[in-house]
Amino acid sequence: MFFLILTLIVILNTNVGFCESEVNWNRTEYNKVIYLNVAGELISTTYSTLTYVPNTKLSFLNHWPRDHKGYIFLDLPPDLFKHFLHQLRRWSIHGNRSVSIVFEPPSWTVKDEFNEMLTALGFQKYQQIVPIQCFKYKRVDDFSRREGSGIGRSCDTNKTAGWTRFVDQAGTAIINHIPESGLRLCGGGSPGWLFGVYPSILYSTTIGTMCYVGPTGIPCARIAAKTVQVTHCGSYFVFDMPVAPECPLRACTIDRPMTV
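Residue numbers -21 to -1, 1 to 239, in mature numbering (1 follows the signal peptide of the UniProt record, and there is no 0), belong to the letters of the sequence shown in order.
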């Protein structure tokens, strides 16, 4: 009996030793520093960060090619990869995979290249979703909407309401300043201007108010019943145009550069 108990103790201690060794090995592997050759630039991170999201191409490191020094080689834009890695690192630090996350490009000007990189890494389902208003909108090229174009009897009605993109002769955006007295006629009787700010982040939306200058010059004598939403669609803005409180009140437009 004594020898049986002694044998069991030895077996248990051996198993515990194996378990502790396995745990220590996993912990070491988890915190292991990985060096990546990203198009010639050496970037370091941890194994845990790279493999934080399962079932992506990054989680299978052994399948990637290696350079002559044995570093994993990624033929990707280094700056975009570092921007992606920064977001992935923050997500892994928070330690909550159930949180819905979207990887955002550093600028709308490189969004296509950034999304191509996400696809190459197996993160395509974490791309930004394009808002429906960015491809379902009305195009308006009416030059008479431009600030200072002249007096008219046009106004913003149900026919002009909804998501709108201004193009060509109409300019690209609604003015967001009080129009000067000599430039207040935009094909209507009183000009409308956006009291608010334009979005500066890709696919984001800001909310403002459409103000109409009064006959005596009061900057916001009348206000549209509905707020104005403005969405940043990359190379252009779209506006959820409201109905003017009366005619002939009409929003004025100008050419406005996009904010990077």
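Note that the Cβ used here is the ideal one computed from N, Cα and C, for glycine as well.
Classification of residue i by the beta-carbon crowding that lies within 10 angstroms, buried from 16 upward
i, result
"aspartate 135", "buried"
"leucine 228", "buried"
"serine 23", "exposed"
"valine 109", "exposed"
"asparagine 16", "buried"
"residue 240", "Here the chain comprises residues numbered -21 to 239, so residue 240 is not present and cannot be evaluated."
"phenylalanine 60", "buried"
"arginine 124", "buried"
"proline 44", "exposed"
"alanine 152", "buried"
"residue 240", "An answer regarding residue 240 cannot be provided, because it is not within the stretch -21 to 239 covered by the chain."
"phenylalanine 216", "buried"
"proline 198", "exposed"
"glycine 166", "buried"
"lysine 138", "exposed"
"phenylalanine 93", "buried"
C-beta contact flag for residue i and residue j at 7 angstroms
i, j, result
"glutamine 66", "phenylalanine 82", "yes"
"aspartate 54", "alanine 18", "yes"
"threonine 210", "glutamine 112", "yes"
"leucine 100", "leucine 37", "yes"
"arginine 68", "threonine 28", "yes"
"isoleucine 157", "cysteine 231", "no"
"aspartate 219", "tryptophan 172", "no"
"tyrosine 26", "lysine 48", "no"
"proline 194", "lysine 205", "no"
"residue 314", "serine 71", "There is no way to answer for residue 314, as the model of the chain reaches only from -21 to 239."
"aspartate 46", "phenylalanine 39", "no"
Spatial neighbours of residue i in its chain, beta-carbon cut-off 7 angstroms, leaving aside the 5 residues before and after
i, result
"aspartate 120", "Val146, Asp147, Gln148, Ala149"
"tyrosine 116", "Trp142, Thr143, Arg144, Val217"
"lysine 90", "Pro84, Leu181, Gly213"
"aspartate 234", "Gly150, Thr151"
"alanine 200", "Tyr191, Val192, Gly193"
Same chain, Cβ closer than 6 angstroms to residue i, five either side skipped, listed in chain order
i, result
"arginine 118", "Arg144, Val146"
"phenylalanine 174", "Gly187, Thr188, Cys190"
"alanine 223", "Cys134, Asp135"
"glycine 168", "Pro227"
"alanine 140", "Met220, Val222"
Beta-bridge pairing of residue i - partner residues as DSSP gives them
i, result
"methionine 220", "Gly141"
"methionine 188", "Looking at the sequence shown, residue 188 is not methionine but threonine. In DSSP, threonine 188 forms a bridge with Phe174."
"alanine 230", "Gly171"
"leucine 14", "First, the amino acid is wrong: residue 14 is tyrosine here, not leucine. DSSP, once it has assigned bridges, lists Ser23 as partnering tyrosine 14."
"threonine 210", "Thr184, Val217"
"isoleucine 202", "Cys190"
Sequence-distant residues of the same chain with beta carbon closer than 8 angstroms to residue i, five excluded per side
i, result
"tyrosine 50", "Tyr14, Leu15, Asn16, Leu21"
"isoleucine 202", "Thr188, Met189, Cys190, Tyr191, Pro224"
"valine 207", "Ile153, Leu173, Gly175, Ile186, Gly187, Thr188, Met189, Phe218, Asp219, Met220, Pro221"
"leucine 64", "Ile22, Thr24, Thr28"
"isoleucine 80", "Gln66, Trp70, Tyr105"
"threonine 184", "Pro110, Pro178, Gln208, Val209, Thr210, His211"
"histidine 42", "Lys36"
Contact test: residue i Cβ vs the ligand PLP heavy atom, cutoff 6 angstroms
i, result
"methionine 237", "You won't find the ligand PLP in this model; it holds no ligand whatsoever."
At what residue ranges does the region 70 to 158 contain a whole run of the alpha helix (DSSP H), taking only runs of 4 or more?
90 to 100
Please specify which runs of the beta strand (DSSP E), each continuous and at least 3 residues long, are wholly inside the region 26 to 73, giving them in chain order. 51 to 53
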